[in-house]
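Top line first, the protein sequences correspond to chains C and L.
Letter 145 of the first sequence, counting from 1, is numbered 145 in my numbering, and no numbers are missing.
Letter 355 of the second sequence, counting from 1, is numbered 355 in my numbering, and no numbers are missing.
Every residue gets a Cβ at the ideal spot worked out from N, C-alpha and C, and that includes glycine.
There are 2 protein chains.
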Amino acid sequence: MAIADAITGKAPGRTEAVAAEIRRRVAARILTAGEKLPSIRSFARTMQVSPSTVVEAYDRLVAEGLIASRPGSGFSVCGAVPAAVLRDAAPALDRAIDPLWVSRQSLDAEPDMLRPGCGWLPADWMPQAALRRALRALAHANAPVLSDYGPTRGSRDLRRLLARQFAMEGIEAGAEQILLTMSGTQSIDLVCRFLLQPGDAVLVDDPCYFNFQAVLHTHGARIIGVPYTPAGPDLELFAGLVAAHRPRLYVTNSALHNPTGATLSPKGAHQILTIAAAHGLTIVEDEIFADFEPEPSVRLAALDGLCRVIRIGSFSKTLSASARCGYVVARPELVEGLVDLQVATQFGGPSPVAAELVLRTLGDGSYRKHLAHLRGRLAKRRREVLGQLEGLGIRPWTLPRGGFYLWCRLPDGRDAAEVAKAALRERVVLAPGNVFSVGRSAPDFMRFNVAQMTPEVLPVLGRALR
Amino acid sequence: MAIADAITGKAPGRTEAVAAEIRRRVAARILTAGEKLPSIRSFARTMQVSPSTVVEAYDRLVAEGLIASRPGSGFSVCGAVPAAVLRDAAPALDRAIDPLWVSRQSLDAEPDMLRPGCGWLPADWMPQAALRRALRALAHANAPVLSDYGPTRGSRDLRRLLARQFAMEGIEAGAEQILLTMSGTQSIDLVCRFLLQPGDAVLVDDPCYFNFQAVLHTHGARIIGVPYTPAGPDLELFAGLVAAHRPRLYVTNSALHNPTGATLSPKGAHQILTIAAAHGLTIVEDEIFADFEPEPSVRLAALDGLCRVIRIGSFSKTLSASARCGYVVARPELVEGLVDLQVATQFGGPSPVAAELVLRTLGDGSYRKHLAHLRGRLAKRRREVLGQLEGLGIRPWTLPRGGFYLWCRLPDGRDAAEVAKAALRERVVLAPGNVFSVGRSAPDFMRFNVAQMTPEVLPVLGRALR
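This is the structure we're talking about:
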């Protein structure tokens, strides 16, 4: 661990050289378990460094667990570090392709693997400069921001900023109607924990974001898929399924639907709300891709006024997934219940440090330009990748208005799961269609992330198709 | 929002002055909804600032939702901000005193309120300098750390560091057996979701940390309390309750038990494990206060070798609660299941930014000294507060070896819930005994956090006792 150098600003080599010499002596059994280390003063002379450099090196070795300090008796070598300490899990190549397959393979991919199936932008597409400025500013934040749990709903300043932005979209919600969470997924999970009983029916689009199925599965929900069209769910089937199954929830993306990139039509939005009102259906509208839209589309939450619509979202796609900050906006009494549930199951609200990082990045003058630039860059990438895929006979189901997904049909009814397995053997993670489909109706579809389609992917994809 | 100044390093007043002038014109209806703002160049002349300062001010107002930019047509004023945007929830003074009462009142307390009932140290007792150094260093981290989801188990470097520390405590666990989470509570919640069915019996100490009850309640567990003694649970009753109820889990703190500050004896630890083995009981050992111990006490996880013990913990008490980082250590196949569950319900692992912040702070040379200093400071505070409380006739149930809690009996059988309600009217949050007691066997007990016992608390407590 060479992390202390960046912190102290000292010549990086010196502390590390002292630590390395002790590590070498332990490895060579010149120093053995239980033995005392040289005193700080004498080892400083030996290494020709200042005593404070030796103190830092020893502190570093304490943090690593190699040595321990004993009151009044200096430092001594700990027992040998068991090899187990370094053991870590490798991605499982033989895992069954289920709704968790793409997440696990993408998140735990080793650095040299390619991930055109994943659901995020490459790190260098994200607003790095603004994030770094925000971190430097955070180093000067008030002490409670850096160390306290913070309020149960999360940062008041960030919630007020969000409330203003929602007002611009026609959604009137007080800051107390916003609950910050760790992620869009956690928002859905909290809502499900609060509203669902095992066995309750829940309607999702077919295809839909695979993790909707994964999270609903943990709640014992009866998951029902409604076929999705380029203008939203098939409305006739939607009405029939709601009447027949009386689902408690409908979980959907209105803007830039995942995986298709399609957008709900105004007519569809109105009809869905009418059907929902007639049958007591609550709708979870996941707006995680809304910032990628060139022009805002219709919002169920705005039409409905947050009466039976719960809006959720996060900053993971355009700002930082590492910060881990999402939100729920809903009726006040529902939010009050969700707050209790979040305290019981997480203690406290989401990270005040993360909320401050998001707030400062959103408030950075460069962020709005970053979004505009991102939309332009993605439009260009979508066109390029469409051309490349068509060269392999892979055709888009619809042409998205924005975002980074292309939902495509493979040529000649190829089995996407087999293609994904073949690609994984060449260290490329793809997203085969059926992980998105409750009815397993998309065996020959694939979702491509255009921002992750580096030149190395195409030949692998070509071979995997054969 | 005056956040951009800290970021840009510009004279703080200038951008804010320009933004304030626009806000003033909107408030005075000199500019009305839909109206165009002065051009950047002309307003720079008016305000005698540079055009870039106006650009920044306008960007800030866009982020606030007061104005919007339209491609090709400059900036215009948005519709009036509804008053609702500023509405926020106030702490409810009349809320029933249940296991969530202390959390909600403490977390959402306004800044002028005093919180001797809360479960954390004041911000200025935390390692602020090390946290600030870590944030500055984080501003130079690799891009993926700042923007990616990170691996499903969380930062590999932090898990390896933890594995080394566990090895020093005699717990052999590979880095793959560690799952980073958002908090100790989330660790327990994940374990419960994975192992419990509604109706399962779960054993807890009586008294125990109130949030154990809150989280178990969300799982529909049948919560059974075992009377706690200054050396751990009453072993005879423990054996009887396990045999009678066949609980699936026993959730406890071995070191510096919350709320009593007591510590499990070696004999108790061995007997508990023997009983657990005979009845297939799994134990969740919450080590959140372990770093406050002057000398390490016996660990169930170490005796058992993580066979039927699941260890959980977090960095919220000694490093930062704001970072939101905890962990679970358990058998490999259990961790594998918890990873799937965490991906399904949170997507991805815990925040890579938070893990890096924790890793860098732990690795900072000053952190070990911070802990040593903290233990000394708390020992002194415990003595002082004991004296003050005894002056009011409040006596400790036991004398803790470390930590910041004193579990005390009020004089003359006073009702602690009534005392807490009276103190809350004077803006002091206390922690009445029965919120910790499944059997409601502690009506005249109170938990005091010695680090939060400022001089203003005593007279309020004195009045509330009368």
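The Cβ atoms of Arg311/L and Ala301/L sit closer than 7 angstroms to each other. If you keep only unbroken alpha helix (DSSP H) runs of at least 4 residues inside the segment 375-458 of chain C, you get 416-425. Residue contact with chain C for Tyr149/L: present (Cβ-Cβ distance below 7 angstroms to some residue of chain C). Leu338/L sits away from Leu195/L, with the two beta carbons spaced by 7 angstroms or more. DSSP places Val298/C outside any alpha helix (DSSP H), giving it a letter other than H or E. Check the Cα spacing between Gly65/L and each of His270/C, Leu249/C, Glu169/C and Pro230/C: the tightest is with Glu169/C. Using a CB distance cut-off of 7 angstroms, Gly74/C does not count as an interface residue toward chain L.
When CB distances to chain C are screened at a threshold of 7 angstroms, the residues of the segment 111-125 of chain L falling below it are Trp120, Ala123 and Asp124, in chain order. Note on Thr345/L: 16 or more other CB atoms within 10 angstroms of its CB, so buried under the neighbour-count rule. Look at Gly403/C: its C-beta is not under 7 angstroms from any C-beta on chain L. Contact of Pro352/L with chain C by beta-carbon distance below 7 angstroms involves Ser322. The alpha helix (DSSP H) runs of length 4 or more contained entirely in the segment 102-148 of chain L are, from start to end of the chain, 128-138 and 143-147. Just measuring C-alpha positions, the residue of Trp407/C, His279/C, Leu362/C and His140/C sitting nearest Leu319/C is Leu362/C. Annotation for Pro350/L: no alpha helix (DSSP H) segment contains it, and DSSP assigns it neither H nor E. Short of 6 angstroms from the beta carbon of Gly393/C, and not among the five residues preceding or following it, lie these beta carbons of its own chain, in chain order: Pro411.
Under the 10 Å beta carbon count, Asp124/C is surrounded by fewer than 16 other beta carbons and is classified as exposed.
Contact of Leu138/L with chain C is assigned, a C-beta pair being separated by under 7 angstroms.
Segment contact: the segment 155-165 of chain C against the segment 173-181 of chain C, three or more CB-CB distances shorter than 8 angstroms; contact assigned. For Leu237/C, not one C-beta of chain L is nearer than 7 angstroms to its own C-beta. Taken residue by residue, none of the segment 449-460 of chain L has a beta-carbon sitting less than 7 angstroms from a beta-carbon on chain C. Residue-level contact by beta carbon holds for Asp59/C and chain L, with a gap shorter than 7 angstroms. Within chain C, the residues whose beta carbon sits less than 9 angstroms from that of Arg132/L are Leu138, Ala139, His140, Ala141 and Leu146, listed in sequence order. Chain C places a beta carbon closer than 7 angstroms to that of Leu107/L, counting this residue as a contact.
Judged by DSSP secondary structure, Gly184/C falls within the alpha helix (DSSP H) whose first and last residues are Gly184 to Leu195.
The three-state reading of DSSP puts Ile312/L in strand, counting E and B together. Pairwise C-beta distances place the segment 428-442 of chain L in contact with the segment 199-210 of chain L, as three or more of them are shorter than 8 angstroms.
Beta-bridge analysis with DSSP links Leu264/C to no other residue. Nearest CB-CB separation between Phe347/C and chain L: below the 7 angstroms threshold.
Legend: CB atoms of the segment 365-385 of chain C lying less than 7 angstroms from CB atoms of chain L belong to residues Gly365 and Arg368. A residue is called buried when at least 16 other Cβ atoms come within 10 angstroms of its Cβ; Leu100/C meets this threshold and is buried.
Taking a Cβ-Cβ cut-off of 7 angstroms, the neighbours of Arg87/C in chain L comprise Gly174, Ala175 and Glu176, given in sequence order. Our two residues, Val460/L and Glu418/L, have alpha carbons roughly 13 angstroms apart in a direct line. A straight line joining the alpha-carbon of Ile272/C with that of Ala27/L spans about 39 angstroms. Counting along the chain, Val242/C sits inside the alpha helix (DSSP H) bounded by residues Leu235 to His245. With a threshold of 7 angstroms between beta carbons, Cys78/C makes contact with chain L. Taking 4 residues as the minimum length, the alpha helix (DSSP H) runs contained wholly in the segment 27-98 of chain C are 40-47 and 51-64, in order along the chain.
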